[in-house]
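Taken in sequence, the protein lines are chains A and B.
Quick note: the first sequence, position 299, residue 299 per UniProt numbering, numbers continuous.
Quick note: the second sequence, position 129, residue 129 per UniProt numbering, numbers continuous.
Beta carbons: idealized from backbone N, C-alpha and C, even for Gly.
Take a look at the structure set out below.
Number of protein chains: 2
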Amino acid sequence: MPATIRDVARASGVHISTVSRAFSAPQLVNPETRSKVLETAEKLGYRPNRAARALITGRTHNIGLIVADIANPFFPPLIKAAEREARHRDYHVFVADSNEDPAVEEELVRALAKQVDGILLVSPRLANSIIEGLSREAALVVVNRQVPGLPSVVMDVSQGARSAIEHLAELGHRSIGYLGGPRGSWTNREIRRAATAAARTLGGPGDPVEVTALGPNAPTGDGGLIAAEQVHRAGFTAVLAYNDLMAIGLIEGLATLGVRVPQDVSVVGIDDIALSRLTRPGLTTVANPTAAAGRAAVDMLLQHGDDRRTTGQITLATELVIRDSTGPGPQGNADPG
Amino acid sequence: MPATIRDVARASGVHISTVSRAFSAPQLVNPETRSKVLETAEKLGYRPNRAARALITGRTHNIGLIVADIANPFFPPLIKAAEREARHRDYHVFVADSNEDPAVEEELVRALAKQVDGILLVSPRLANSIIEGLSREAALVVVNRQVPGLPSVVMDVSQGARSAIEHLAELGHRSIGYLGGPRGSWTNREIRRAATAAARTLGGPGDPVEVTALGPNAPTGDGGLIAAEQVHRAGFTAVLAYNDLMAIGLIEGLATLGVRVPQDVSVVGIDDIALSRLTRPGLTTVANPTAAAGRAAVDMLLQHGDDRRTTGQITLATELVIRDSTGPGPQGNADPG
DNA sequence: CTGAAAGCGCTAACAT
DNA sequence: ATGTTAGCGCTTTCAG
C-alpha cells in the first residue's frame, strides 16, 4: 500500500492541502514547511497519484501516440524521440499500433481520448472528415500528413522526391518508375505528385524524363520484393521507392532476376532508416528527420495547452543521401525498351 | 466537455449506480434497463473515465513497458506484440525508453508504478537487488533475464548459442570468437557461458574447439563495425555476435578490411531481426521469438492479478536459421550434418 | 501562509 | 433489480 497525501500530512504535522501545495504550488507555502513536507514525503516514498490529480485538474500528463506499425523501422526513432521529449516535460506516452487499419486507428483515438491530454497521429490512414471529427474528442497533432484546421508536422517529401528525380535525371536516366506505397497514404500521393511534376521540368526538348507510377504496394520489404518482376518487365532504368524497406526488398528481388543495382537499374529509397547504410549496395535515399518530427509534434501538442484549434504546420527539410544504389543511366538513350 | 456517468443517468432516467453496473457488472442489472442505458450512453458518446474508476478499484487497466532502446530493431516486434495482446484484454500500454541507462530504468519504474497495474521490464540492466526492491512498488515481469523470485520470460539463448557453436564446429571451425554485448547484460553472460561450454563438448581429442570472448561492445551496428579490426587481428575463422545488428556491422567492417564473409570468416548473429534476411550475405542467426515473448509477458503480468510474488519462469525455444554468412572452415568440411 | 470543506467521476457496500 | 451513501486521492475555493 503506497503512501498517500494523508500519510504525508500526518507524518509532517500539517494539513493535506499544505502537502498538496508543497508539490503543485510551491510558492504558496513557507519554504521551511515545504522542505519538511518534501522530506517526509521522500522518506515515505510518496508520489502524488496522477489519476486522482487528473480527476480534478483535467490534465492527465499523458499523451497518446498512434502509429501504423511499430515494427516498421521508420517509426521507432520517431517514437523514441517523442517519448523522450514527453518525459522531459513530465509526460508519459501511451503507444498504440493500428496495424495499418484505419478502423483500429479511429477506435484507438476514442479509447485513449479520456486518458490523455492529446494524441499524436502518425501517418494516419483515416479520411480527413473522420480526423476532423476525432479532433473534437481529443487534442490532435497529425504527423506525416496535413489536415485542414489541424496542427501538423510533415517532412518535406515533395522536395525530397524532387531531389531524387533530379539526381536520377542528372545521371542520365529517362525512364523512371515510382514504386508506390499503400492506398490512402497522404505521403504516397505527395511523392507521386512531386516526382511526376519534377520530371516535367527536367530533360531537354525531345529528351523527356518520364516517371511512371506503380502500385499500390505494401510498404514493406516484401512489397518491394514482389514488385521486382513488374519493375523489370517495365524496363525502367531507375526506380524511386515509397520507402527504404521497399527499395531494399526491390534490390533483393532484382538480384534474384539477375538484375544488378546500380549497374542495370538504379534504386532510390525514402526515409534513411538505420538499415540503409548497412546493406550492400548502400542505399541512396531521401533522409527524413523522423526524430526531429517526433520532438516537434510533442512540442506542438503540449505548447498549446487546451486550445485545440491551432493550425500551426511545421515542415521539416529532407535531404538526399547518395550512396551506392544509384549510377549512370543509359547514355544517349531516352527510352530504353 | 465529455459526457459523465451522471449525464447518462439523467438522460436514461436511472440512478448513476445503475449506469455504473450496466458497464461493470452487467449481470446485476435488468437486460432492458441495461440496453436502454447503453443506448443513451452510445448516443451521448459516453465512455467511463478510467482514472476515476482506477481511483476506487485500484486497477488502472494500464501496463508499463520499459525497454533499453526502442530504436534497436530487436524491440519493436516485442513492443508491438505486447501492445496488441494488452489491448485485446482492454489494457493500454505506456512505452518508455531507458536509453540503456540503468538509473533511468529505475526512475521509470518508480514514475510509472502508480499509474499501471504492472510493468514489463525488458532486458533490464539493473542489479538483481534493485529489481527486487522495485518489485515492491509495482508488479513486475522481467523479460530476457531471470531474477530470483520474480516471474520472467526468457528466450533460450543458451540453447541458441550452443546450436550456433555446433553449426560452426561442424563446418570445421576451431577458432571462434564471441563478439560480446554490453556490460551488465544478463543475456550476454548467458551466451558467453553457453558458447564456451558448448565448445568444450565439441571437437575431437587433439582437435579442440575454442571460443574466445571479446567485449564489452555497444549492441549496435557501430559496435560490430568498430570491432572488425580486432576480430581480424585475432585470426578467428568464425564469429558469433551478441546480436544481429553487431553481426551486420561486423560483416560491413570486415568487408572494408578486405575480409569476405563467409569465404574468409563465418559470422552468426542472434535475434533474426527483419533486416537479417535482407542483407547480403543473408545472415545466419539464432532466431528469437520476440513477439511470442511479448505476448507471454503480458499474459503473465495480467494473469496473476494482484499476487505479486509469482515465480513462474517461461523459457521460449530459439532456432538456428542458416543463411549465407556461414561457410566451411579451414578444414574444408563443406557439408554439415 | 495554512486549514476546512467541497467535489472531480466513479464503484461498492448496504438498503430496499 | 435499483437507489443511497460513502469515499478512492487529490486540488481548489474560501476562511482565517
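Put simply, the CB of isoleucine 131/A is far from chain B, with every gap to its CB atoms at 9 Å or more.
In terms of Cα proximity to arginine 280/B, the closest of Val8/B, Leu250/B, Leu302/B is Leu250/B.
At least 9 Å separates the CB of histidine 88/B from every CB of chain A. Straight-line measurement puts the Cα of alanine 291/B at about 5 Å from the Cα of alanine 81/B. When DSSP states are grouped into helix, strand and coil, leucine 65/A belongs to the strand group. Unbroken alpha helix (DSSP H) stretches of 4 residues or longer found wholly inside the stretch 255-329 of chain A: 290-303, given in chain order.
Residues are counted here when their Cβ sits less than 8 Å from a Cβ of chain A; for the stretch 76-104 of chain B these are Pro76, Pro77, Ile79, Lys80, Glu83, Arg84, Arg87, His92, Val93, Phe94, Val95, Ala96, Asp97, Asn99, given in chain order. Sequence-ordered contacts of the stretch 31-51 of chain A with chain B read Gly45, Arg47, Pro48, Asn49, Arg50, Ala51 [C-beta pairs closer than 9 Å].
The beta carbon of glycine 177/B does not come within 9 Å of any beta carbon belonging to chain A, so the residue lies off that interface.
Between glutamine 263/A and chain B, the shortest Cβ-Cβ separation is not below 9 Å.
Contact of alanine 9/B with chain A by beta-carbon distance below 7 Å is absent, the smallest such distance being about 18 Å. Taking a contact to require three or more Cβ pairs closer than 8 Å, the stretch 263-271 of chain B and the stretch 284-300 of chain B qualify as touching. For leucine 108/A, the enclosing alpha helix (DSSP H) stretches over residues 102-113. Residues of chain B whose Cβ lies closer than 8 Å to the Cβ of threonine 60/A are, in chain order, Ala51. Residue nearest to glycine 184/A within the set Glu107/A, Gly327/A, Arg200/A, Asn144/A is Asn144/A (criterion: CA-CA distance).
Three or more beta-carbon pairs separated by less than 8 Å link the stretch 174-181 of chain A to the stretch 230-248 of chain A, which places the two stretches in contact. When Pro48/B, Gly224/B, Leu28/B are compared, the shortest CA-CA separation from aspartate 90/B is found for Pro48/B. In the three-state reduction of the DSSP assignment, serine 175/A falls in the strand class. The stretch 87-101 of chain A and the stretch 50-65 of chain A touch, with three or more beta-carbon pairs separated by less than 8 Å.
Not one beta carbon of chain B lies nearer than 9 Å to the beta carbon of glutamine 313/A. Put simply, the CB of glycine 221/B is near chain A, with a gap under 9 Å to one of its CB atoms. Valine 109/A is a Cβ neighbour of leucine 134/A, given a cutoff of 9 Å. The alpha carbon of arginine 162/A has as its nearest neighbour, out of Thr40/A, Ile176/A, Ser152/A, the alpha carbon of Ile176/A. Distance check between phenylalanine 23/B and each of Glu39/B, Ile322/B, Asp299/B places Glu39/B closest, using alpha-carbon atoms only. Contact annotation for glutamate 252/B against chain A: Leu278 [CB-CB distance below 7 Å, chain order]. Contact residues of the stretch 106-118 of chain B toward chain A are Leu108, Arg110, Ala111, Leu112, Ala113, Lys114, Gln115 (C-beta to C-beta distance below 9 Å). Inside the UniProt domain "HTH lacI-type" (3-57) of chain B, DSSP marks no whole beta strand (DSSP E) run of 3 or more residues.
Contacts with chain A (Cβ-Cβ distance below 8 Å) from the stretch 176-202 of chain B involve no residue at all. Separation of the CB atoms of glutamate 83/A and alanine 96/B is rounded to 6 Å, and the pair is thereby assigned contact status at 8 Å.
Every alpha helix (DSSP H) of 4 residues or more that sits fully in the stretch 136-174 of chain B is shown, in chain order, as 157-170.
Considering only beta carbons, the part of the stretch 232-250 of chain A lying closer than 9 Å to chain B consists of Leu245, Ile248, Gly249, in chain order. DSSP places aspartate 222/B in the uninterrupted alpha helix (DSSP H) bounded by 221-234. Excluding sequence positions up to five before and after arginine 295/A, its CB lies within less than 6 Å of the CB of Ala81, Glu85, all in the same chain and listed in chain order. Excluding five sequence positions before and after threonine 4/B, none of the CB atoms of its chain fall closer than 6 Å to its own CB.
Listed along the chain, the chain B residues whose CB falls inside 9 Å of the CB of proline 2/A are Ala113, Lys114, Glu137. Excluding residues up to 5 positions away in sequence, Ser325, Thr326, Gly327 lie with their Cβ nearer than 6 Å to the Cβ of proline 262/A in the same chain.
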